[in-house]
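Every letter in the sequence shown is one number past the one before it in my numbering, and letter 114, counting from 1, is 391. Beta carbons are placed, not taken as given, at the ideal position from N, Cα and C, and that holds for glycine. Right, one structure below, let's go through it.
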Amino acid sequence: SDANLILNKGSTSKIVDTNVTLDLNGYTFSRTGSSSGAISLTQGSGLTIRDSSDAKTGKILVDTYAVWMMNGDFVLESGTIETTSAKNAAIYANAAEVAVKAGKIVSAGDAITVGENFMESRGASTIAIFGGEIVATGVGIKNGSYAQATTAVTITGGKIDSDGDSISFTTGSVQVSGGT
């Protein structure tokens, strides 16, 4: 079932254990000084982020992972997710499904990382880019060096602009039929 997601100040992540939609509605959620991700998804949960404002100025701004998930589903429909950390990805997925339909992911490091930690790499992940924009100082989409399962990436639209590789994998598949 769907539920509300309440974000407040604190040093721990907001744990999502059901399916929720976060509508930024033109506002910015910012979080600094924490070693944990802003939003963590537990097994079987899902998060959709959107910005229903006319100006589409809604943003999640963090200095660590914005979204961390293990066996969860994440969809970016609109809005911006930004991390100022060069050592953390904006989105960390492990045995998860990630879909970017529109909006923007901006990272001072890697934008989307799959299975970076050996102890956490437990299943296959899928990344689907239908639209939107990924901007990264590091790698756009990365399958971590300890990934034990394959990652399937499908890109049918959108744009990846990275100073490093657009896509970097140790195992998996990439299908590109659109986008830049």
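Sequence-distant residues of its chain with Cβ nearer than 6 Å to residue i (five each side left out)
i	result
A343	A315, I337, I358, T360, A367
G455	T433, G434
Q452	T431
I326	L299, L353, G356
T403	E374, A429
A405	A376, T431
One or two residues paired with residue i in a DSSP bridge
i	result
Y249	Given a span of 278 to 457 for the chain in the structure shown, any question on residue 249 remains unanswerable.
V451	V430
S443	None; S443 has no bridge partner.
T298	T325
V391	A370, N420
First and last residue of the uninterrupted beta strand (DSSP E) at residue i
i	result
K436	436-439
T360	357-360
A413	410-413
T457	Counting along the chain, T457 falls outside any beta strand (DSSP E), and DSSP gives it neither H nor E.
T403	402-406
C-beta atoms of residue i and residue j nearer than 8 Å
i	j	result
D458	V412	For the chain, the structure presents residues 278 to 457; residue 458 sits outside this window and is missing.
G323	G303	no
S355	D331	no
T428	A401	yes
D350	A373	yes
V430	G449	yes
T390	K419	yes
S307	W345	no
Contact set for residue i: own chain, Cβ-Cβ below 8 Å, skip 5 residues either direction
i	result
T414	A363, S384, A385, G386, S439, D440, G441
Own chain partners of residue i with C-beta closer than 7 Å, once the 5 adjacent residues on each side are dropped
i	result
K378	V352, L353, E354, F407, G408, G409
V416	D387, S439, G441, D442, S445
Where are the beta strand (DSSP E) runs, 3 residues long or more, that stay fully inside the stretch 313-389, in chain order?
-> Taking 3 residues as the minimum length, the beta strand (DSSP E) runs contained wholly in the stretch 313-389 are 316-318, 323-327, 336-339, 344-347, 350-353, 357-360, 368-371, 374-377, 381-384, in order along the chain.
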